[in-house]
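Please read the structure below before turning to the comments.
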Amino acid sequence: MQFDLDKPISEIKQEIEKLRRKDLHNSEFLAFKKQHEYAAEQLDDKINNFYSASNLSVIKQIKLPEPIRKEVIYYNYISEKFDEVSFAQNLNLIQNKLDEFDSPFATYIDTMRWKIENGYLELKDRDWLTEFFKTWTFMLTKRIVDYRMKAVEDLRYNYLVEIYSIVKNYGKYAKIYNTMYDVFGKFANIEDELRNQNIESIARFAEFLYKDPSILMIAEMLGRLNGEDDLMEINITEQVVTYPTQTKLPYNPEEIVGLTVSKDLERLLPMEFANLFDEELEIIFYKKFVESQLQTFLFESNENVIEHEIEEVEYEAPIPLEQGKFIICIDTSSSMEGAGEYIAKALSIAVAKVALKEYRDLIFVNFANQHVEEFTIQGRNVNIQKMLEFLSKSFYGKTNAKPAFEKVIEKMHSEDFKRADLLFISDFMMNSLPNSTRVKIANLKDNYNRFHSLVVGTMPNVETQDVFDNVMYYDPNDPFATNQIVKSLNETLRDLRELKEEEVAYRDEQINKLNSIRDKKRFREIHLDSPKSKKLEKQKQKLKELEQQKKQQA
27 MQFDLDKPIS EIKQEIEKLR RKDLHNSEFL AFKKQHEYAA EQLDDKINNF YSASNLSVIK
87 QIKLPEPIRK EVIYYNYISE KFDEVSFAQN LNLIQNKLDE FDSPFATYID TMRWKIENGY
147 LELKDRDWLT EFFKTWTFML TKRIVDYRMK AVEDLRYNYL VEIYSIVKNY GKYAKIYNTM
207 YDVFGKFANI EDELRNQNIE SIARFAEFLY KDPSILMIAE MLGRLNGEDD LMEINITEQV
267 VTYPTQTKLP YNPEEIVGLT VSKDLERLLP MEFANLFDEE LEIIFYKKFV ESQLQTFLFE
327 SNENVIEHEI EEVEYEAPIP LEQGKFIICI DTSSSMEGAG EYIAKALSIA VAKVALKEYR
387 DLIFVNFANQ HVEEFTIQGR NVNIQKMLEF LSKSFYGKTN AKPAFEKVIE KMHSEDFKRA
447 DLLFISDFMM NSLPNSTRVK IANLKDNYNR FHSLVVGTMP NVETQDVFDN VMYYDPNDPF
507 ATNQIVKSLN ETLRDLRELK EEEVAYRDEQ INKLNSIRDK KRFREIHLDS PKSKKLEKQK
567 QKLKELEQQK KQQA
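Counting in this note's numbering, the sequence shown runs from 27 upward without gaps.
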């Protein structure tokens, strides 16, 4: 009988589950979650993650101390080697070994010895030995569980210190976190804001977003400014086709449409009645009646109905552009210091929300003087903390956009940046762009790269703006500046919608032309070739053949 090492693990899992429930229902944590709904779910996630399967596997790998491991080995050795008699004869040896292993089970040997010496146990009876190993198994399992649970409690202490720290300090930065949650949702982590060293700078970014929700609207509109490819694709749509036809009514037949054979006496032909009044032909009448072969009039009532069919129609449409990466260049020179830099970085955070929602990679570029620094966020692997740390950096030198432009344009010429968007945020108090840079930008536009600019201030070099597809102006002293940007973007979007509506109208016009041609050429053909028409034609042909046969017999 070998010691089952899985049994302690099972009990450890049960104990850990009790601790998890205890932490989830901690009174202080419950009060915090009730007060801060934004952070409640993430706090629960942190608690659950600590007790997750990955941490359980780490606990399982905790190496047992030497005495416990030796006791397990000795347990397996004793259970296989000794029978009832030899086991009783070696109790002293077993007890000495257990003392060496510091096993709490060693004291139980004294009880067993006393029972044997006083005749309470029959040595030849297997039950007492089974009870002995059952007790030893219980105490050895408890020893292993206690040791590993002590390690769990040590880990739990450190994790609880971290959780209590978040709960204690959260109130200072609740507004920041609430804003970050509004922007990034579950991507925002309650620790990202609390651990960031530049929390005051980030607080100002958050304040801009909190006070002016129009910034988020600007970002969402930029994300919707999709172009269309020159290539066309064939789209297939379904439409309902209608045509007139006739259907039989199952009730009130009114019109004689021919002859048939049946046993319906009410519609019997007079010539069949003649057989009934002739003694020699009477038998023929009854034979036909039994076989339903009497000639009768065929009555029908038809109703004009409109039938429907679903038909596929092909039409051409421009292919929507695929979304590329989003590059945000932020001027952090001294002329942008203050409100200009904060609105720039607040808008950058808002654009990040839109890009990450669509799983688009995001590249931030801070520039001033000759300094150009960039930071990349993968659309499916977001690190909000590092992004905020990067955005809190500034250089405060002279505005020099040339190095940043050259670096970004070089990137956009690569295959990875095909159809990328560039948002350039600056006061544009800089020299004009060289012609070589303008040519490169024009080539990129031909390949569906889009260029947007946000001009901060009222004194930009206007010669720098003609390279951008969309130019937005933000005056820090104008309280309605962001609303004006939203209005201008709305007009751009409306123009795009009108173009698309014209394309839809043209498509509908082409489909209507196809319908009119089909109606003229196909409606009657469909009616004549319909299954119902063919069936009716067969019935008429059969009646004609019967009439001819009757005439021949006569």
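Using N, Cα and C, we set each Cβ at its ideal position, and we do this for glycine too.
query                                                                                                                                                               : result
Taking the alpha carbon of Glu432 as the reference point, which residue from Ile467, Leu449 and Asp492 has its own alpha carbon closest?                            : Ile467
For the region 290-332, list the beta strand (DSSP E) runs that are entirely contained and at least 3 residues long, ordered along the chain.                       : 320-326
Going by DSSP in three states, Gly364 sits in which element: helix, strand or coil?                                                                                 : coil
When you compare only the Cα positions, how much space is there between Leu50 and Val171?                                                                           : 23 Å
Which residues does DSSP pair with Ile354 in a beta bridge?                                                                                                         : Phe390 and Leu449
So, for Leu19: in the same chain, excluding its five sequence neighbours on each side, which residues have a beta-carbon less than 8 Å away from its beta-carbon?   : With the chain covering only 27 through 580, there is no way to say anything about residue 19.
Which residue marks the beginning of the alpha helix (DSSP H) containing Val493, and which one marks its end?                                                       : Unbroken run through Val493: none, as it is neither H nor E.
Tell me whether the beta-carbon of Val1 lies closer than 8 Å to the beta-carbon of Phe352.                                                                          : The structure shown has nothing for residue 1, since the chain only spans 27 to 580.
Identify which residue in His62, Arg139 and Phe325 has its Cα closest to the Cα of Gly284.                                                                          : Phe325
So, Arg182 versus Leu69, is the Cβ gap smaller than 8 Å?                                                                                                            : no
Would you mind stating whether Ser418 and Glu367 have Cβ atoms separated by less than 8 Å?                                                                          : no
When the Cα of Glu441 is compared with those of Asn473, Thr425 and Gly405, which residue comes out closest?                                                         : Asn473
Throw me the rounded Cβ distance for the Phe416 and Phe401 pair, which I believe falls under 8 Å.                                                                   : 4 Å
Helix or strand or just coil, what does DSSP make of Thr167?                                                                                                        : helix
Please list, in chain order, all residues of the same chain as Met138 whose beta carbon is under 7 Å from its beta carbon, the five residues on each side excluded. : Leu117 and Phe158
Specify the secondary structure class of Glu338 as computed by DSSP and reduced to three states.                                                                    : strand
So, helix, strand or coil for Phe549, using DSSP?                                                                                                                   : Model confidence at Phe549 stands at a pLDDT of 41, short of 50, so the residue's coordinates are unreliable and nothing is read from them.
Considering only residues of the same chain and omitting the five flanking positions on each side of Gln319, which have a CB-CB separation below 7 Å?               : Val287
Return helix, strand or coil for Asp521, following the three-state DSSP convention.                                                                                 : Since pLDDT at Asp521 reaches only 48, below the 50 mark, its modelled position is unreliable, and no value is offered.
Mark Tyr196 as exposed unless 16 or more other C-beta atoms lie within 10 angstroms of its C-beta, in which case mark it buried.                                    : buried
Look at the Cβ atom of Leu459, then the Cβ atom of Thr490, and state whether they are nearer than 8 Å.                                                              : yes
Let's see if you can read the secondary structure: which residues bound the beta strand (DSSP E) around Leu459?                                                     : Here Leu459 belongs to no beta strand (DSSP E), and DSSP marks it neither H nor E.
Using beta-carbon positions only, say whether Ile38 and Met175 come within less than 8 Å of one another.                                                            : yes
Considering Phe58, what are the terminal residues of the alpha helix (DSSP H) in which it resides?                                                                  : Ser53 to Gln61
If you draw a straight line from the C-alpha of Lys424 to the C-alpha of Ile451, how long is it?                                                                    : 15 Å
Going along the chain, which residues of its own chain have a beta-carbon closer than 8 Å to the beta-carbon of Asp521, five neighbours each way excluded?          : Residue placement at Asp521 is flagged as unreliable, the pLDDT there being 48, under the threshold of 50; the coordinate-derived value follows with that caveat. So no residue of the chain qualifies.
Quick one: grab the DSSP three-state call for Met485.                                                                                                               : coil
Counting only runs that start and end within the region 65-106, where is the alpha helix (DSSP H) found for 4 or more residues in a row?                            : 79-86
According to the Cβ coordinates, are Val497 and Val481 closer than 8 Å?                                                                                             : yes
Have a look at Ile552 and Leu382 and give me their C-alpha separation to the nearest angstrom.                                                                      : Legend: pLDDT at Ile552 = 42, less than 50; position of this residue unreliable, no value from coordinates given.
I'd like to know whether the C-beta atoms of Ser361 and Asp501 end up nearer to each other than 8 Å.                                                                : no
For Met438 versus Ala446, is the C-beta distance shorter than 8 Å?                                                                                                  : yes
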